[in-house]
Amino acid sequence: MNPQANLIFIISLLLGTTITISSNHWIMAWTGLEINTLAILPLISKSHHPRAIEAATKYFLTQSAASALVLFSSMTNAWYTGQWDITQLTHPTSSLILTSAIAMKLGLVPFHFWFPEVLQGSPLTTGLLLSTIMKLPPIALLYMTSPSLNPALLTTLAILSTALGGWMGLNQTQIRKVLAFSSISHLGWMAIIIVYNPKLTLLNFYLYAMMTATIFLTLNTIKVLKLSTLMTAWTKIPSLNAMLLLTLLSLAGLPPLTGFLPKWLIIQELTKQDMAPAATLISLLSLLSLFFYLRLAYCTTITLPPHTTNHMKQWRTNKSTNIMIAVLTTMSVMLLPISPMILTIV
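The sequence shown begins at 1 in UniProt numbering and counts up one residue at a time.
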């Protein structure tokens, strides 16, 4: 793609995200979401492969439906209350429609079917944008409307997302699909706590985005898309592969790594809210996703290909690792000890 065009699309993406996050009026928030959708479409379909075109089409249709529902929700609320302010979403029907629309935009169960397909059809760098920055505006809208959302509905969506995200990721061999189901599972953790402690949702999102960015950038550096190629990629940059192992375990939420922090805080908050059964259930369901993270980690560093045919080993590259990957990896693995400081900020 032409670098100038690429720059315009990236700037539009940041502009759309900023407009949605900083707006008070529903129409401005909707405008930001639309700019975002239109800016990411060329980035998804830039390879001109039929799968990329299919991914762009699916993405466009689902996001258009979700944006229409956002407009419908805000108009219904304005009709009943006379308020266009985002924080004044008080009508119960409007908040139900908005929850469905945001669930569709984020890829929460049962509106999750588009996300793995779109991620699979996109390049790794676009997949990174879809998994991180494109999730920020809908989560910001949820954050602003959190006092009037329905806790029972969100808890149901969250538990279903964690269950299906873990369950459907078990049998995948394509790494982008595994990361898509991982994203669905993490969104479940964010959705269950948004009504009770919205700041924890944001903290969870920031840490999730940081760890996912690390994994996508690492995979992009070693040029890996499937489990079978991941098995032989350790010869390229062995040190980076070792750090990828730790980042995957951090994304799984194992102590003493960074990913344990949001899960620990969410379970603690749910227990304070007398939701110990929900906390137990979501913790047990996250063991499903732990299995496929361990599978990825095993393929990354611990195993050689199990068959007897001679496998072509990759050449070890002399190029140094990107400084951004180094910083992100360090943060993805080592932030747990400074959690008291993070909590004072939050």
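Even glycine gets a Cβ: it sits at the ideal position worked out from N, Cα and C.
- Taking a C-beta distance under 7 Å as the contact criterion, Pro-138 and Val-195 do not qualify as a contact pair.
- Of the candidates Met-75, Thr-232, Asn-36, Ile-193, Ile-193 places its Cα closest to the Cα of Asp-274.
- Here the alpha carbon of Met-231 sits roughly 14 Å from the alpha carbon of Leu-294.
- Taking the C-beta atoms as reference points, Ala-29 is found no nearer than 7 Å to Leu-13.
- Scanning its chain for C-beta atoms nearer than 6 Å, with the 5 sequence neighbours on each side dropped, one finds around Leu-217 the residues Ile-325, in chain order.
- Sixteen is the threshold: since fewer than 16 other Cβ atoms of the shown chains lie within 10 Å of the Cβ of Leu-170, the residue is exposed.
- Cβ neighbours of Met-144 within its own chain (closer than 8 Å, five residues either side excluded): Ile-86, Thr-87.
- Taking a C-beta distance under 7 Å as the contact criterion, Ser-131 and Ala-55 do not qualify as a contact pair.
- Relative to the Cα of Leu-246, the nearest Cα in the group Ile-215, His-48, Ala-278 belongs to Ile-215.
- With fewer than 16 other beta carbons inside 10 angstroms of its own, Ile-11 counts as exposed.
- Looking at Ala-66, Ala-65, Thr-90, the one whose alpha-carbon comes closest to that of Thr-76 is Thr-90.
- Around the CB of Asn-24, fewer than 16 other CB atoms lie within 10 Å, so the residue is classed as exposed.
- DSSP links His-25 through a beta bridge to Asp-85.
- By the criterion of a C-beta distance shorter than 6 Å, Leu-187 is surrounded in its chain by Leu-106, Leu-108, Ser-161, once the five residues flanking it on both sides are discounted.
- Within the region 125 to 187, the complete alpha helix (DSSP H) segments at least 4 residues long are 136 to 145, 151 to 168, listed from N- to C-terminus.
- Only exposed fits Gly-82, as fewer than 16 other CB atoms lie within 10 angstroms of its CB.
- In the three-state reduction of the DSSP assignment, Lys-236 falls in the coil class, being assigned neither a helical nor a strand state.
- Of the other Cβ atoms in all chains shown, 16 or more fall within 10 Å of the Cβ of Leu-257; this residue is therefore buried.
- At the C-beta level, Met-1 and Lys-58 stay beyond 7 Å of one another.
- The alpha-carbon of Leu-285 is positioned some 12 Å away from that of Ala-252.
- Setting aside the 5 residues that flank it on each side, Gln-172 is surrounded in the same chain by Val-178, each with a C-beta closer than 6 Å to its C-beta; the list follows chain order.
- Between Gly-166 and Asn-322, the alpha-carbon positions lie close to 31 Å from each other.
- Leu-328 is the residue among Ile-19, Leu-328, Val-70 whose C-alpha sits nearest the C-alpha of Met-211.
- 7 Å or more divides the Cβ of Thr-17 from the Cβ of Leu-142.
- In the structure shown, Lys-46 falls within a coil segment according to DSSP collapsed to helix, strand and coil.
- Setting aside the 5 residues that flank it on each side, Phe-9 is surrounded in the same chain by Ala-39, Ile-40, Pro-42, Leu-43, each with a C-beta closer than 8 Å to its C-beta; the list follows chain order.
- The continuous alpha helix (DSSP H) containing Ser-286 extends over residues 276 to 297.
- Lys-223 carries a coil assignment under DSSP once its states are collapsed to helix, strand and coil.
- Looking at the backbone, the Cα of His-112 and that of Phe-181 are separated by about 9 Å.
- For Leu-96 and Leu-270, the gap between their C-alpha atoms comes out near 22 Å.
- Of the residues assessed, Leu-343 falls on the exposed side of the cut-off, its CB having fewer than 16 other CB atoms within 10 angstroms.
- In the displayed model, Thr-330 falls within a helix according to three-state DSSP.
- Only residues of its own chain outside the window of five on either side were considered, and among them Trp-26 have a CB closer than 6 Å to the CB of Ser-74, listed in chain order.
- Sequence-distant Cβ neighbours of Leu-124 in its own chain, meaning closer than 7 Å and more than five residues away, are Phe-216, Leu-219, Asn-220.
- Around the beta carbon of Ser-67, 16 or more other beta carbons sit within 10 angstroms, so the residue counts as buried.
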